[in-house]
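To start, the structure under review is shown below, and the notes come after it.
Number of protein chains: 2
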Amino acid sequence: MTLSKVLDQIDRDIPAATDRLLELLRIESISTDPAYAGQCDAAADWLVADLQNLGVKASKRATPGHPMVVGHFGQNNTGPHVLFYGHYDVQPVDPLDLWDRPPFDPAVEETANGKVIRGRGASDDKGQLMTFLEACRAWKQVHGTLPGRISFIFEGEEESGSPSLVPFIKENADELRADIALICDTGLVGQNTPAIVTMLRGLLGEEIVITGPDKDLHSGMYGGPAINPVRVLARIIADLHDDTGRITVPGFYDGVPELPQSVRAQWDGLDYDGRELLDEVGLSAPAGEQGRSLLEMVWSRPTCEVNGILGGYTGDGFKTVLPSQARAKISFRLVGTQDPFKIREAFRAQVRAALPADCSVEFSDHGASPASQMQIDHPAFEQARAALSDEWPEPAAFVGCGGSIPIAGYFQDLLGVNSMLIGFARDDQIHSPNEKYDLECFHKGIRSWARILDAMNQ
Amino acid sequence: MTLSKVLDQIDRDIPAATDRLLELLRIESISTDPAYAGQCDAAADWLVADLQNLGVKASKRATPGHPMVVGHFGQNNTGPHVLFYGHYDVQPVDPLDLWDRPPFDPAVEETANGKVIRGRGASDDKGQLMTFLEACRAWKQVHGTLPGRISFIFEGEEESGSPSLVPFIKENADELRADIALICDTGLVGQNTPAIVTMLRGLLGEEIVITGPDKDLHSGMYGGPAINPVRVLARIIADLHDDTGRITVPGFYDGVPELPQSVRAQWDGLDYDGRELLDEVGLSAPAGEQGRSLLEMVWSRPTCEVNGILGGYTGDGFKTVLPSQARAKISFRLVGTQDPFKIREAFRAQVRAALPADCSVEFSDHGASPASQMQIDHPAFEQARAALSDEWPEPAAFVGCGGSIPIAGYFQDLLGVNSMLIGFARDDQIHSPNEKYDLECFHKGIRSWARILDAMNQ
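Line order of the protein sequences matches chains A and B. For the first sequence, the tail end lands on 500 under the numbering used here, and the numbers increase by one without skipping. For the second sequence, the tail end lands on 500 under the numbering used here, and the numbers increase by one without skipping.
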């Protein structure tokens, strides 16, 4: 019954745990703005001190950017060695006037949906990473030690593209390698279903610039005989999908797996069909591939999106210009074993083949990363699923994630370490004004980690 | 043989005529910039004085913007009453650093292609309007009077959309009405073929804004189920033309006349096929409707062009945004009796019908003017064609004009007066740095008007 003692300790300690989080939230660790470099450093120091309080050998490690915090506990212990990842940097706070309270003066607020911790970073990722540290703290208070072997890595550049992360992992691979990584930067599914992300979509980014005439023309003098690159680009974009919503790039679906029946059944049984995702943004109908469920579209199917388009005169009023150039930023979300490099070549070939006479195209590469598929046969996955199901009203689910979380790919590729992505965010307005973290999520998140650590160390 | 005396007088007087034009070019009459209002006024004064020197009853007439110059000569004379139109305002001169000489310090320069008058307005439209005044001056020096009845109207807002023109013409319709209007603001066809514009394309301008989700989304979280308005817009634009280059808006071709065989034969016989228009801008192949000649495409066929498109993230680098909105400025050039208002409704209906679920569209009206077709059975047209053919190396042609020259429509609609558009611009970089007017065009332009006035007053 030692787990129940740990859970009781967590319940008793929630007010103090909340105060500790508020203290961390007051540090203005915005990583994208050099003016806040000192505050990023202060957040790293705060975490080093907190880890040391837990008995962890922790230190701040310099990088060309903001420092890493690395810590190790129980290196000679038996049991699985886990590497816990979080980030202490936060998003900028603009537009400041849309905040109902100063973003770095956090507080617990009563709302119609219960108590929330309000402030920049309350959810992403300070609140989430503290769930794990508070679980460790309660464990230590009950047991006098932490469970098993735990290493920690906290970065300070996640919100600015993690430029120092890959070099740091490479240089310190032997030190960081573990049996499994735990990443706390994701959310619940709906309101009450805890989720373990087992699939992350990859991303291929391309920019194309189509040039027709060598200068902008007058559409009266030239309209008719002169090719209009906006029309060419529009045709290329329109032809990237067929009438059923499938992407037309040759070979695009090579390596796209059909959802296993077991996973489909699990998703169909969820207390969540993703409709609220659309409701929140004023949409009603899933617009992706015909015959796919909404959850499939976003968790397990590849996509092609236009992220930006520009050509000709776009200011106020009207200019009868026939533009010389048109450009678009286009990205593909990838799943399974789709090969981003093969898809890039096939996409470029399709664009080139669609060019009429007198048009040329330039391509720019904006990144190519394959999808990640976690190895869910690792016993930690079933242990965590059971542990989470014990804590929350709904049973835990293995889900996909539409976005790209590069850290899981780095751990796999650079360390050979499989990741479990578990987090407790609801609709927390991360990256936006009035970011919050439900006090319930913070509390149950801490309890969840205690259960998971307990299950992994039986 | 009085015409030959006038022509001789023109030849003798060219140095002085050039000096007069240079004087007018030194006046910095940029109409779009309020800082130059005084200079616009000075240009109007200069023209009033010059008309008075010619014996014309001329005055500066106030408008809410820059003044009109109006003059009348020989109101009790017999012969056709002509109304001559030009504009004394000029385009802004930015970017100034691309000029090889100060734009308002004009001079005659020797170039590989002969002498040119270089400076802002040298061609558009000060140089062109002075061809007519210099023809009148030579006529007066030989005959002591001007031929027939001539009225003059010079506006100072042509380069800023002529806001005062329609009200002024309406208020002074009785005073301005004439047998035919002469408008000198167009060009030669190719290098040596004088042209009388008999068809002007109309213009319909539309802006559409398509909204999908009510905010910009993350393309990882939403890519798949969320409708992307850029893709919707691209499809709408792509579907505006069929595979043969015809426009698909229902009823669009109602009122588009086939070219009369006589006109087609004339165009086919021209020493000009329009290829140099494409060569100049790096194009090689006419991209308009299949089965139409290049000159047909630009002079007598309607078009649909995208003048601008914008949606999502278009700055440096890449953002995986799924945009809330996409917008385009789209214009139609109209010919014959195409009805811009019917076409607007049909276009809007086509766009609305193409909207998938969850998308809405807003339209903005950016003007609608039908095409103009001159009544070429007026005897002045054949008289002018013969006169121009006598002056230039190639016979004169009746041509179309791809652009919209609203003044001809205003004279037709508000005064019931037919226009002859005759001008002598070559590739004069009007609206651009280093604008010029070939001294040969200035000289032969003056001689052309003397011949035309002579022919009209036989």
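For each residue, glycine too, the CB sits at the ideal point set by N, CA and C. These numbers were taken from a predicted model, which means no experiment stands behind them.
In the structure shown, what three-state DSSP assignment does I447/A receive? The residue labelled residue 447/A in the question sits at position 405 within the first sequence. If DSSP states are grouped into helix, strand and coil, I447/A belongs with coil.
Starting from the C-beta of V502/B, find all residues in its chain whose C-beta is less than 6 Å away, skip the five residues before and the five after it, and write them out in chain order. Given that chain B is displayed from residue 43 to residue 500, the structure contains no residue 502/B and the question cannot be resolved.
Would you list, in chain order, the members of the segment 398-430 of chain A that have their beta-carbon closer than 8 Å to a beta-carbon of chain B? P398, A399, D400, H408 and G409
Work out the CA separation of L481/A and E152/A for me, nearest whole Å. Position 110 of the first sequence, counted from the start, is the residue given in the question as residue 152/A. Position 439 of the first sequence, counted from the start, is the residue given in the question as residue 481/A. Going from the Cα of E152/A to the Cα of L481/A covers about 10 Å.
What's the C-alpha gap between V132/A and L430/A? Counting from one through the first sequence, the residue named residue 132/A turns up at place 90. Counting from one through the first sequence, the residue named residue 430/A turns up at place 388. The alpha-carbon atoms of V132/A and L430/A are separated by roughly 27 Å.
Thinking C-alpha only, which one of I225/A, L207/A, T253/A and P302/A is nearest A467/A? Within the first sequence, residue 467/A is the residue found at index 425, counting from 1. The option with the nearest alpha carbon to A467/A is I225/A.
What does L352/A reach in chain B if we use C-beta pairs closer than 9 Å? Here residue 352/A is taken as the residue at index 310 of the first sequence, counted from 1. By Cβ distance, chain B contributes G350, I351, L352, G353, G354 and T356.
Is the CB-CB distance between G350/B and Y355/A below 7 Å? As a working note, residue 350/B is residue 308 in the second sequence. As a working note, residue 355/A is residue 313 in the first sequence. Cβ atoms of G350/B and Y355/A: closer than 7 Å.
Would you please verify whether the beta carbon of L230/B is less than 7 Å from any beta carbon of chain E? No chain E appears in this structure, whose protein chains are A and B.
Closer than 7 Å to chain A by CB, I238/B: Here residue 238/B refers to the residue found at position 196 of the second sequence. It does not: the Cβ of I238/B has no partner Cβ on chain A nearer than 7 Å.
Ignoring anything shorter than 3 residues, give me the beta strand (DSSP E) runs that lie fully in the segment 226-281 of chain A, in order along the chain. 237-242 and 244-253
Within the same chain, show all residues whose beta-carbon is closer than 7 Å to that of L457/B, passing over the 5 residues directly before and after it, in chain order. For the purposes of this step, residue 457/B is taken as residue 415 along the second sequence, with counting starting at 1. Counting only Cβ-Cβ distances below 7 Å, and skipping sequence neighbours, we find I211, A215, L218 and R219.
F146/A CB to nearest chain B CB: under 7 Å? Here residue 146/A refers to the residue found at position 104 of the first sequence. No - not a single Cβ of chain B is within 7 Å of the one on F146/A.
Please list the residues of the segment 329-341 of chain A that have a C-beta atom closer than 7 Å to any C-beta atom in chain B, keeping them in chain order. A329, G330, L336, M339 and V340
Quick check: the Cα distance between E338/B and K102/B, rounded to an integer number of angstroms? Numbered from its first residue, the second sequence carries residue 338/B at position 296. Numbered from its first residue, the second sequence carries residue 102/B at position 60. When rounded, the distance between both Cα atoms is 41 Å.
Buried or exposed, going by whether 16 or more other CB atoms sit within 10 Å of the CB of V231/A? Translated into the one-based positions of the first sequence, residue 231/A becomes position 189. Answer is buried; the Cβ neighbour count reaches 16.
Inspect the beta-carbon positions of E199/B and H123/B and report whether they are closer than 7 Å. Here residue 199/B corresponds to residue number 157 of the second sequence, with the count starting at 1. Here residue 123/B corresponds to residue number 81 of the second sequence, with the count starting at 1. No, Cβ-Cβ distance for E199/B and H123/B is not below 7 Å.
Taking the Cβ atom as the reference point for each residue, do P271/B and Q367/B lie within a distance shorter than 7 Å? Reading the second sequence from its first residue, position 229 is the one you call residue 271/B. Reading the second sequence from its first residue, position 325 is the one you call residue 367/B. Yes, these two residues count as a Cβ contact at 7 Å.
Counting only beta-carbon separations shorter than 7 Å, does E300/B have a partner in chain A? Your numbering for residue 300/B matches position 258 in the second sequence. No - not a single Cβ of chain A is within 7 Å of the one on E300/B.
Using a Cβ distance threshold of 8 Å, determine whether the segment 407-423 of chain B contacts the segment 237-245 of chain B, with at least three qualifying pairs required. yes
Let's test the definition: count the other Cβ atoms within 10 Å of the Cβ of G465/A and tell me whether it reaches 16, buried, or not, exposed. On the first sequence, position 423 is the one that residue 465/A refers to. Per the 10 Å Cβ criterion, buried.
Is the shortest distance between the beta-carbon of V272/A and the beta-carbons of chain B less than 7 Å? Here residue 272/A refers to the residue found at position 230 of the first sequence. Chain B contact via Cβ: present.
Status (buried if at least 16 other CB within 10 Å, exposed otherwise) for K257/B: In the second sequence, counting from the first residue as 1, residue 257/B sits at position 215. Result: exposed.
Please identify the residue among K182/A, D139/A and Q51/A whose C-alpha is closest to the C-alpha of I93/A. For the purposes of this step, residue 93/A is taken as residue 51 along the first sequence, with counting starting at 1. Just to set this straight, residue 93/A is Leu in the shown sequence, not Ile. Comparing Cα positions, the closest option is K182/A.
Leaving aside the five residues before and after P398/B along the sequence, list all residues of the same chain whose C-beta is less than 8 Å from its C-beta, in chain order. Here residue 398/B refers to the residue found at position 356 of the second sequence. So the qualifying residues of the chain are I269 and V274.
C-beta contact flag for P344/A and L336/A at 7 Å: The residue you call residue 344/A lines up with position 302 of the first sequence. The residue you call residue 336/A lines up with position 294 of the first sequence. Contact: no.
Note down, in chain order, every chain B residue with its Cβ under 9 Å from the Cβ of K361/A. Reading the first sequence from its first residue, position 319 is the one you call residue 361/A. The answer, in chain order, is N349, G350 and K371.
What residues from chain B crowd round M263/A, counting only those whose CB sits closer than 9 Å? Locating residue 263/A in the first sequence gives position 221, counting from the first residue. Near M263/A (Cβ distances below 9 Å), the residues of chain B are L319, V340, C443, G444 and G445.
Minimum C-alpha distance to E300/B - residue among A58/B, S342/B and L64/B: Taking the first residue of the second sequence as 1, we reach residue 300/B at position 258. The residue with the shortest Cα to Cα distance from E300/B is S342/B.
Rounding to the nearest angstrom, what Cα-Cα distance links D321/A and F405/A in this structure? Working through the first sequence from its first residue, we reach residue 321/A at position 279. Working through the first sequence from its first residue, we reach residue 405/A at position 363. Between D321/A and F405/A, the C-alpha separation is close to 36 Å.
Which same chain residues, not among the five before or five after P437/B, have their C-beta less than 7 Å away from its C-beta? As a working note, residue 437/B is residue 395 in the second sequence. Taken in chain order, the residues that qualify are S431.
Nearest residue (CA-CA) to F196/A, options D358/A, D167/A and G333/A: Numbered from its first residue, the first sequence carries residue 196/A at position 154. With distances taken between Cα atoms, F196/A lies closest to D167/A.
From the DSSP secondary-structure annotation, give me the bridge partner or partners of S414/A. Residue numbering aside, residue 414/A sits at position 372 when the first sequence is read from its first letter. For S414/A, which the question treats as bridged, DSSP gives the partners L242/A.
Please state if the CB of I385/B and the CB of C346/B are separated by a distance shorter than 7 Å. Counting from one through the second sequence, the residue named residue 346/B turns up at place 304. Counting from one through the second sequence, the residue named residue 385/B turns up at place 343. Their beta carbons are not under 7 Å apart, which means C346/B does not touch I385/B by this criterion.
Work out the CA separation of A100/A and I72/A for me, nearest whole Å. Within the first sequence, residue 72/A is the residue found at index 30, counting from 1. Within the first sequence, residue 100/A is the residue found at index 58, counting from 1. Roughly 22 Å between the two C-alpha positions.
Given that a residue counts as buried once 16 or more other Cβ atoms are within 10 Å of its Cβ, and exposed if not, what is T120/A? Residue 120/A sits at position 78 when you count from the first residue of the first sequence. The residue in question, T120/A, is exposed, as its Cβ has fewer than 16 Cβ neighbours within 10 Å.
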